[in-house]
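Visitor: Mind looking over this structure? Questions follow.
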Amino acid sequence: ASHDAAILAASAKHPTVPQVYKYGTAGFRMNADLLDGVTFRVGLLASLRSRNKSSTAIGVMITASHNPAVDNGVKIVDPLGDMLEQEWEQYATALVNAKSDEELVRIYNKLATDQKIDLTAKAKVIYGRDTRPSGHTLVAALADALDATNTQHVDYKILTTPQLHYLVRATNTEGKPITYGKVSEEGYYEKLAEAFVRALQGRKIQGTLQVDCANGVGGPKLAEFLKYVPKDKVDFDVKVVNDDVLRPEVLNLDCGADFVKTKQRAPPNPKPEPGLRCCSLDGDADRLIYYWTDPDTGFFMLDGDRIASLAAWFISELIESAGLRDSLNIGVVQTAYANGGSTNFITRHLNIPVVCTATGVKHLHHVAQQFDIGVYFEANGHGTVLFSADARKAFKQAQPQSPGQKDAMEILASLADLINQTVGDAISDMLLVEAILAHKNWTLRDWAQTYRDLPNRLVRVEVGDKDLFQTYDSERRLSHPEGAQDEIDGAVKKYSEARAFARASGTENACRVYAEAASHAQANELADRVARIVE
Ligand code: 16G
Ligand code: ZN
Numbered sequence: 008a009s010h011d012a013a014i015l016a017a018s019a020k021h022p023t024v025p026q027v028y029k030y031g032t033a034g035f036r037m038n039a040d041l042l043d044g045v046t047f048r049v050g051l052l053a054s055l056r057s058r059n060k061s062s063t064a065i066g067v068m069i070t071a072s073h074n075p076a077v078d079n080g081v082k083i084v085d086p087l088g089d090m091l092e093q094e095w096e097q098y099a100t101a102l103v104n105a106k107s108d109e110e111l112v113r114i115y116n117k118l119a120t121d122q123k124i125d126l127t128a129k130a131k132v133i134y135g136r137d138t139r140p141s142g143h144t145l146v147a148a149l150a151d152a153l154d155a156t157n158t159q160h161v162d163y164k165i166l167t168t169p170q171l172h173y174l175v176r177a178t179n180t181e182g183k184p185i186t187y188g189k190v191s192e193e194g195y196y197e198k199l200a201e202a203f204v205r206a207l208q209g210r211k212i213q214g215t216l217q218v219d220c221a222n223g224v225g226g227p228k229l230a231e232f233l234k235y236v237p238k239d240k241v242d243f244d245v246k247v248v249n250d251d252v253l254r255p256e257v258l259n260l261d262c263g264a265d266f267v268k269t270k271q272r273a274p275p276n277p278k279p280e281p282g283l284r285c286c287s288l289d290g291d292a293d294r295l296i297y298y299w300t301d302p303d304t305g306f307f308m309l310d311g312d313r314i315a316s317l318a319a320w321f322i323s324e325l326i327e328s329a330g331l332r333d334s335l336n337i338g339v340v341q342t343a344y345a346n347g348g349s350t351n352f353i354t355r356h357l358n359i360p361v362v363c364t365a366t367g368v369k370h371l372h373h374v375a376q377q378f379d380i381g382v383y384f385e386a387n388g389h390g391t392v393l394f395s396a397d398a399r400k401a402f403k404q405a406q407p408q409s410p411g412q413k414d415a416m417e418i419l420a421s422l423a424d425l426i427n428q429t430v431g432d433a434i435s436d437m438l439l440v441e442a443i444l445a446h447k448n449w450t451l452r453d454w455a456q457t458y459r460d461l462p463n464r465l466v467r468v469e470v471g472d473k474d475l476f477q478t479y480d481s482e483r484r485l486s487h488p489e490g491a492q493d494e495i496d497g498a499v500k501k502y503s504e505a506r507a508f509a510r511a512s513g514t515e516n517a518c519r520v521y522a523e524a525a526s527h528a529q530a531n532e533l534a535d536r537v538a539r540i541v542e
């Protein structure tokens, strides 16, 4: 059952553009014109991965998230819906960098031998794409690789990234004792809508929520989801804006979660309405940022750190009320970019441990899995809450001693269904935030008042060779270039409540410098000093 001839023939139709490729933080991401051959080769790896994982379904998502419309990307999803195991990223890199079709076939066969993969076993790959026009031809390249390797495949067409992750897990748990949900896009909406109603327990959602969809896939998918929310049970007044997916050039343009977070302002369109509760999704709907514009105080943003704090607080209160404090542990996972104000609040006020990891969802996800309830969010709004099997069992089986305990357990059980267990999901996270605000009867202002952010500044620094910058301690300190960390330490000492770090970006050819301090002037000054050290 050699696939050699079929791969050779198909590969000739999908050449790569010679350059050095690397499976980065979120797969291969670049100008779409470079991706046809890359996507074909990723298809070969997805097929091998399926055969390596007992013929379970592997996912491939075609998206470049918040990047401009001309870019695209491709990444692999493992059987339980999490990101491709890190060990395998180098195999993707090796296949994509093969210099000829013959070398490609050699690497493919060597991988199969090394990993003891039976090429006659069944293989299955499911895939989806965001609204970028280039996605159409890229999935055709992917399908050619799957046909050449005799791999069964399902094209789910246009999806949000978290929907594809959901479908992978649902496919692989179908018919098992613990299933994840119906294996369809509709199943995803049904699961979320049903859990949302249960989570609310009849609480009322205040006012209107305006959702900016970055002119990406989140627009049509959110609109579809809303049809599943029963009007007689929940009055959810959502105004969907920036949902134009017909003009590709407006994707992520002056809108979306990445715009709001990096520019620290509301999208100019539609004109911000004072006091209105707003949130933004990114181009593939896996990031979420809340904000409002106040007539007196101006723009105020509630980012991933705020969502993590809110979720950890609400869930730990429920664990307490449910009488499960002694049997279940809860932890929060952040990156070095988390505002010190949030870390202090979570550790000192909520008494919940915080672990810091390197940037990139896969790192946070791993650490969060070590808790019964692991809350993880990057400041940029990507994150979720993971519930262990023990936690789910406890919510369903523990014997409530009072109506209060019973309510708490029912809400916890509903949250475990509402919150996407595979990856950060902007629609699911938004429903979580809406449910919590409804329970607490809070406005965004109430939420914002839980703690104060430390003034901070993030700068991008052009450097000759970003690979010279090596970090340790979860990217909070530099081991190389030698002496740089001592200089940074020296600069930090000059300011109060200060912290700063520099790291090489995993997605761009540049370094990033983050600084926070007691005042804006100090944070800016410190960031400039550290930038000069790095330059
Ligand atoms: C990617 C990551 C995101 C991370 C960002 C950092 C995923 C799905 N996405 O977008 O989590 O925050 O890279 O970029 O893992 P940087 O390394 O350029 O700062
Ligand atoms: Zn995204």
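In this text, residue positions in the sequence shown follow full-length UniProt numbering: the first is 8, and each later residue adds one.
Built from N, CA and C at the ideal position, the CB exists for glycine as well.
Just reading off the alpha helix (DSSP H) that Glu523 is part of, what are its end residues?
Guide: Numbered from 1 along the sequence shown, position 516 holds the residue referred to as residue 523. No alpha helix (DSSP H) contains Glu523, which is instead part of the beta strand (DSSP E) from Cys518 to Glu523.
Visitor: Who are the Cβ neighbours of Tyr115 in its own chain at under 6 Å, not counting the five residues just before and after it?
Guide: Residue numbering aside, residue 115 sits at position 108 when the sequence shown is read from its first letter. Closer than 6 Å at the Cβ level, and outside the excluded window around Tyr115, lie Leu51.
Visitor: Go through its chain and collect everything with a Cβ distance to Asp261's Cβ below 8 Å, but skip five positions before and after it.
Guide: Here residue 261 is taken as the residue at index 254 of the sequence shown, counted from 1. Excluding sequence neighbours, Asp261 sits near Pro274, Pro275 and Asn276.
Visitor: From which residue to which residue does the beta strand (DSSP E) around His160 run?
Guide: In the sequence shown, the residue the question calls residue 160 occupies position 153. Start and end: Gln159 to Ile165.
Visitor: With hydrogens ignored, establish whether the beta-carbon of Ser72 is closer than 7 Å to any heavy atom of the ligand ZN.
Guide: Position 65 of the sequence shown, counted from the start, is the residue given in the question as residue 72. True, at least one ligand heavy atom lies under 7 Å from that Cβ.
Visitor: Who are Arg467's beta bridge partners in DSSP?
Guide: Numbered from its first residue, the sequence shown carries residue 467 at position 460. Arg519, per the DSSP bridge assignment.
Visitor: Could you round the C-beta distance between Leu444 and Ile380 to whole angstroms and report it? I think they count as a contact, below 8 Å.
Guide: Position 437 of the sequence shown holds residue 444. Position 373 of the sequence shown holds residue 380. No, Leu444 and Ile380 are not in contact; Cβ-Cβ is about 20 Å, not under 8 Å.
Visitor: Mind checking which residues open and close the alpha helix (DSSP H) that includes Gln404?
Guide: Counting from one through the sequence shown, the residue named residue 404 turns up at place 397. Element bounds for Gln404: Ala396 to Gln404.
Visitor: Mark Gln404 as exposed unless 16 or more other C-beta atoms lie within 10 angstroms of its C-beta, in which case mark it buried.
Guide: Within the sequence shown, residue 404 is the residue found at index 397, counting from 1. When all chains shown are included, Gln404 counts as exposed.
Visitor: Whose CA, out of Ala13, Gly66, Val84 and Gly80, lies closest to the CA of Leu41?
Guide: Here residue 41 is taken as the residue at index 34 of the sequence shown, counted from 1. Leu41 has its Cα closest to that of Gly80, out of Ala13, Gly66, Val84 and Gly80.
Visitor: Leaving out five residues on either side along the sequence, give the residues of the same chain with a beta carbon under 7 Å from the beta carbon of Glu482.
Guide: What you label residue 482 is simply residue 475 of the sequence shown in a count that begins at 1. Same-chain partners within the cutoff: Ala343, Ala365, Thr366, Phe508 and Arg510.
Visitor: Are at least three pairs of beta-carbons, each pair with one atom in the segment 54–70 and one in the segment 120–130, less than 8 Å apart?
Guide: The segment 54–70, when compared against the segment 120–130, does touch it at the 8 Å Cβ threshold.
Visitor: Name the DSSP bridge partner or partners of Ile495?
Guide: Numbered from its first residue, the sequence shown carries residue 495 at position 488. Ile495 pairs with nothing; no bridge assigned.
Visitor: Between the segment 462–470 and the segment 485–494, are three or more C-beta pairs nearer than 8 Å?
Guide: Contact between the segment 462–470 and the segment 485–494 is absent, because fewer than three Cβ pairs lie under 8 Å.
Visitor: What's the C-alpha gap between Pro360 and Tyr383?
Guide: By one-based count along the sequence shown, residue 360 stands at place 353. By one-based count along the sequence shown, residue 383 stands at place 376. Between Pro360 and Tyr383, the C-alpha separation is close to 12 Å.
Visitor: CA-CA distance, residue 3 and Asp436?
Guide: A question about residue 3 goes unanswered here, because the residues of the chain that appear run from 8 up to 542.
Visitor: To the nearest angstrom, report how far apart residue 566 and Lys82 are at their CA atoms.
Guide: Residue 566 cannot be examined here, being either before or after the span of the chain that is shown, 8 to 542.
Visitor: Closest by CA to Tyr187, which one among Thr450, Thr156 and Pro86?
Guide: Working through the sequence shown from its first residue, we reach residue 187 at position 180. When each option's Cα is compared against that of Tyr187, the closest is Pro86.
Visitor: Please name the residue or residues paired with Gln437 in a DSSP beta bridge.
Guide: As a first step, residue 437 must be located in the sequence shown, where it is residue number 430. According to the sequence displayed, residue 437 carries Met and not Gln. Note: Met437 sits in no beta bridge, so no partner.
Visitor: How is the alpha helix (DSSP H) around Asn531 delimited, first residue to last?
Guide: Here residue 531 is taken as the residue at index 524 of the sequence shown, counted from 1. From DSSP, the alpha helix (DSSP H) with Asn531 extends over His527 to Val541.
Visitor: For a test of your reading of the model: does the CB of Arg294 fall under 7 Å from any non-hydrogen atom of the ligand ZN? Yes or no.
Guide: As a position in the sequence shown, residue 294 is number 287, starting the count at 1. For the ligand ZN, at least one heavy atom lies less than 7 Å from the Cβ of Arg294.
Visitor: Determine the direct distance from the alpha carbon of Lys183 to that of Thr156, and round the result to whole angstroms.
Guide: Here residue 156 refers to the residue found at position 149 of the sequence shown. Here residue 183 refers to the residue found at position 176 of the sequence shown. Straight-line Cα distance between these residues: approximately 28 Å.
Visitor: What do you reckon, is the C-beta of Thr144 under 7 Å from a heavy atom of the ligand ZN?
Guide: Along the sequence shown, read from residue 1 onward, the residue named residue 144 stands at position 137. No, Cβ of Thr144 sits at least 7 Å from all heavy atoms of the ligand ZN.
Visitor: List in chain order: all unbroken alpha helix (DSSP H) runs of 4+ residues lying wholly within the segment 321–388.
Guide: Listed in chain order, the complete alpha helix (DSSP H) runs (minimum 4 residues) inside the segment 321–388 are 347–351 and 368–375.
Visitor: Would you mind sorting Ile185 into buried or exposed? The rule is 16 or more other CB atoms within 10 Å of its CB.
Guide: One-based indexing of the sequence shown puts residue 185 at position 178. When all chains shown are included, Ile185 counts as exposed.
Visitor: Residue range of the alpha helix (DSSP H) that Ile14 falls in?
Guide: Against the sequence shown, residue 14 aligns to sequence position 7. From DSSP, the alpha helix (DSSP H) with Ile14 extends over Asp11 to Ala19.
Visitor: According to DSSP, is Arg176 helix, strand or coil?
Guide: In the sequence shown, counting from the first residue as 1, residue 176 sits at position 169. The answer is helix: DSSP assigns Arg176 an H, G or I state.
Visitor: Taking His389 as the reference, which of Val224, Tyr163, Asp154 and Ala345 has the closest Cα?
Guide: For the purposes of this step, residue 389 is taken as residue 382 along the sequence shown, with counting starting at 1. His389 has its Cα closest to that of Ala345, out of Val224, Tyr163, Asp154 and Ala345.
Visitor: Tell me the rounded alpha-carbon separation between Tyr521 and Ala16.
Guide: Counting from one through the sequence shown, the residue named residue 521 turns up at place 514. Counting from one through the sequence shown, the residue named residue 16 turns up at place 9. If I take the Cα positions, the gap works out to 49 Å.
Visitor: Going by the C-beta, is Gly182 closer than 7 Å to any heavy atom of the ligand ZN?
Guide: Locating residue 182 in the sequence shown gives position 175, where the first residue counts as 1. Because no heavy atom of the ligand ZN lies under 7 Å away, the Cβ of Gly182 does not count as near it: no.
Visitor: Assign Gln477 to one of three DSSP states: helix, strand, or coil.
Guide: Translated into positions along the sequence shown, residue 477 becomes position 470. Correct three-state label for Gln477: strand.
Visitor: Quick check on Ile124: does DSSP put it in helix, strand or coil?
Guide: Counting from 1 along the sequence shown, the entry for residue 124 is found at position 117. Ile124: coil per DSSP, three-state reduction.
Visitor: Going by the beta-carbon positions, is the gap between Asp289 and Ala264 smaller than 8 Å?
Guide: Here residue 289 refers to the residue found at position 282 of the sequence shown. Here residue 264 refers to the residue found at position 257 of the sequence shown. Contact flag set, yes.
Visitor: Of all the options Ala498, Phe35, Val245 and Ala101, which has the alpha carbon lying nearest to the alpha carbon of Ser72?
Guide: The residue labelled residue 72 in the question sits at position 65 within the sequence shown. With distances taken between Cα atoms, Ser72 lies closest to Phe35.
Visitor: Pull up the distance between the alpha-carbon of Leu207 and that of Leu451, whole angstroms please.
Guide: Counted from its first residue, the sequence shown places residue 207 at position 200. Counted from its first residue, the sequence shown places residue 451 at position 444. Leu207 and Leu451: Cα-Cα distance of roughly 18 Å.
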